[in-house]
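Read in order, the letters of the sequence shown correspond to residues 2 to 277 in our numbering. We treat Cβ as the ideally placed atom computed from N, Cα and C, and that holds for glycine. Keep in mind that this is a model prediction, so the values were computed, not measured.
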Amino acid sequence: THFGFETVSEEEKGDKVYQVFESVAKKYDVMNDSMSLGIHRIWKDLLLEKMHPFPGTKLLDVAGGTGDIAFRFINYVKAQNQRQRQREVKSRQNLSWDEISKWYQNGQGPSEESHVVVCDINKEMLKVGKQKAKTLGHKKGLAWVVGDAEELPFDDDKFDIYTIAFGIRNVTHIDRALQEAYRVLKPGGRFLCLEFSQVNNPLISRLYDLYSFQVIPVMGEVIAGDWKSYQYLVESIRRFPPQEEFKEMIEDAGFQKVTYESLTTELRSSGGGRRQ
Ligand code: SAM
Numbered sequence: 002t003h004f005g006f007e008t009v010s011e012e013e014k015g016d017k018v019y020q021v022f023e024s025v026a027k028k029y030d031v032m033n034d035s036m037s038l039g040i041h042r043i044w045k046d047l048l049l050e051k052m053h054p055f056p057g058t059k060l061l062d063v064a065g066g067t068g069d070i071a072f073r074f075i076n077y078v079k080a081q082n083q084r085q086r087q088r089e090v091k092s093r094q095n096l097s098w099d100e101i102s103k104w105y106q107n108g109q110g111p112s113e114e115s116h117v118v119v120c121d122i123n124k125e126m127l128k129v130g131k132q133k134a135k136t137l138g139h140k141k142g143l144a145w146v147v148g149d150a151e152e153l154p155f156d157d158d159k160f161d162i163y164t165i166a167f168g169i170r171n172v173t174h175i176d177r178a179l180q181e182a183y184r185v186l187k188p189g190g191r192f193l194c195l196e197f198s199q200v201n202n203p204l205i206s207r208l209y210d211l212y213s214f215q216v217i218p219v220m221g222e223v224i225a226g227d228w229k230s231y232q233y234l235v236e237s238i239r240r241f242p243p244q245e246e247f248k249e250m251i252e253d254a255g256f257q258k259v260t261y262e263s264l265t266t267e268l269r270s271s272g273g274g275r276r277q
């Protein structure tokens with residue numbers, strides 16, 4: 002297999018990817034913001050808009066790293082519950098607060114708990130995520146699990162939605178990770194993926210080449226003291242299959258209605274499908 006542009010054994014790839022994220026963990030968020038000029042935040046917000054989770058959604062965020070998707074999910078669901086609550090209260094103007102809370106407790110209200118599990122192979126990335134959760138005050142409905150996307154430590158048919166943001170290109174056997182996504186999703190569950198992909202516009206493609214090969218490793222060295230890891234991140238993007246090929250891989254895992262969309266000048270793709 003390959004690690005960036007290097008040819009390596011499968012075992013070596015896993016070890017090297019682990020070392021990259023172990024090394025960048027503490028600086029990961031800062032680097033993400035500076036390398037993407039903050040645009041990764043917009044992509045992640047867009048993913049949440051696409052997801053539009055309903056109250057009670059059970060989400061699994063694989064390769065979840067420092068928790069960006071999970072925190073957005075929690076905030077989204079909270080805001081949604083609040084809006085729903087306000088609507089309900091408005092439509093039940095004549096009820097007392099006691100009656101309203103009883104109504105919620107009886108399970109009639111939208112108070113069903115949503116839940117997100119962040120799963121990542123790298124303990125150091127999760128450590129940073131847990132610390133962030135503490136600082137942000139996120140406690141309820143959030144769990145952190147060390148696990149490999151290729152062999153998820155969860156039962157079948159458990160989750161409503163599976164997300165993987167900028168993670169799948171680091172996995173050694175993408176097909177196995179997709180099969181695992183299919184297995185842990187409930188029938189009808191959704192697979193949503195954010196990933197870098199091919200740039201089809203020739204001018205943007207040239208600019209992007211210059212930026213990613215000339216600027217990103219330098220920034221990695223200056224900000225995080227780590228040229229090599231950032232060089233790998235850039236190279237791994239180049240090795241990732243183009244949009245149509247990745248779509249076919251998702252379909253081969255059994256997903257239906259698979260679509261993708263190129264976000265922001267076609268630099269990254271989001272895609273996904275539905276479990277049968
Ligand atoms: N999803 C986060 C985000 O968007 O900010 C983190 C993305 S980071 C580029 C890639 C993550 O994939 C790292 O945290 C890394 O540890 C994780 N990863 C790599 N290989 C993995 C595997 N086989 N199973 C689970 N996670 C993996």
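Reference residue i, options the options, closest by Cα
i, options, result
"Met220", "Leu208, Gly272, Val235", "Val235"
"Asp253", "Tyr233, Gln277, Phe6, Arg239", "Gln277"
"Thr164", "Arg275, Met36, Ser35, His3", "Arg275"
"Arg73", "Ser37, Ser115, Asp99", "Ser115"
"Lys124", "Ser24, His41, Tyr209", "Ser24"
"Arg240", "Leu204, Thr260, Val200", "Val200"
"Ser230", "Asp69, Tyr29, Asp158, Leu96", "Tyr29"
"Leu127", "Asn95, Lys248, Val9, Ala26", "Ala26"
"Leu186", "Phe160, Cys194, Trp98", "Phe160"
"Gly189", "Gln257, Tyr77, Lys131, Gln83", "Gln257"
"Gln238", "Thr260, Val259, Ala166", "Here residue 238 turns out to be Ile, not Gln, going by the sequence shown. Ile238 has its Cα closest to that of Ala166, out of Thr260, Val259, Ala166."
"Thr67", "Glu100, Gln87, Trp145", "Trp145"
"Tyr261", "Lys141, His139, Lys51, Ser92", "Lys51"
"Ala178", "Gly255, Leu264, Phe214", "Gly255"
"Gln81", "Asp62, Leu49, Gln132", "Leu49"
"Tyr233", "Arg207, Ile217, Val119, Val223", "Ile217"
"Trp44", "Pro54, Ile70, Asp62, Lys141", "Ile70"
"Val172", "Gln215, Phe247, Arg84, Ala64", "Ala64"
"His41", "Leu195, Gly273, Pro242", "Leu195"
"Ile122", "Leu204, Asp99, Asp149, Phe247", "Asp149"
The beta strand (DSSP E) enclosing residue i, as first and last residue numbers
i, result
"Glu196", "186-197"
"Asp121", "116-121"
"Ser263", "257-264"
"Leu211", "Counting along the chain, Leu211 falls outside any beta strand (DSSP E), though it belongs to the alpha helix (DSSP H) covering 203-211."
"Asp62", "59-63"
Identity of the residues DSSP links to residue i by a beta bridge
i, result
"Lys28", "In DSSP, Lys28 forms no bridge with anything."
"Phe160", "Leu186"
"Leu143", "Val117"
Distance cut-off 6 Å: residue i Cβ against heavy atoms of the ligand SAM
i, result
"Ala144", "no"
"Ile75", "no"
"Met52", "no"
"Gly66", "yes"
"Asp46", "no"
"Ala182", "no"
"Phe55", "no"
"Asn123", "yes"
"Asp69", "yes"
"Ala254", "no"
"Asn95", "no"
"Gly168", "yes"
"Phe22", "yes"
"Asp34", "no"
Helix, strand or coil at residue i [DSSP, three-state]
i, result
"Arg239", "helix"
"His41", "helix"
"Phe22", "helix"
"Phe4", "strand"
"Ala166", "strand"
"Gly148", "coil"
"Lys14", "helix"
"Lys135", "helix"
"Arg275", "strand"
"Asn33", "helix"
"Asn95", "coil"
"Gly130", "helix"
"Ser112", "Confidence at Ser112 is low in this model, with a pLDDT of 49, below 50, so its placement is unreliable and the value that follows should be read with caution. Three-state DSSP puts Ser112 in coil, outside helix and strand."
"Ala254", "coil"
"Leu179", "helix"
"Leu48", "helix"
"Leu153", "coil"
"Leu268", "Confidence at Leu268 is low in this model, with a pLDDT of 47, below 50, so its placement is unreliable and the value that follows should be read with caution. Looking at Leu268 - three-state DSSP - the assignment turns out to be coil, as it is neither helix nor strand."
"Gly66", "coil"
"Val219", "helix"
The alpha helix (DSSP H) enclosing residue i, as first and last residue numbers
i, result
"Tyr77", "69-92"
"Phe55", "Unbroken run through Phe55: none, as it is neither H nor E."
"Val322", "Not covered by the structure: residue 322. The range shown for the chain is 2 to 277."
Residue i: CB within 6 Å of a non-hydrogen atom of the ligand MG
i, result
"Met126", "Among the ligands modelled here, namely the ligand SAM, the ligand MG does not occur."
Short CB-CB distance (under 7 Å) between residue i and chain C
i, result
"Leu143", "The question asks about chain C, but that chain is absent: this structure has only one protein chain."
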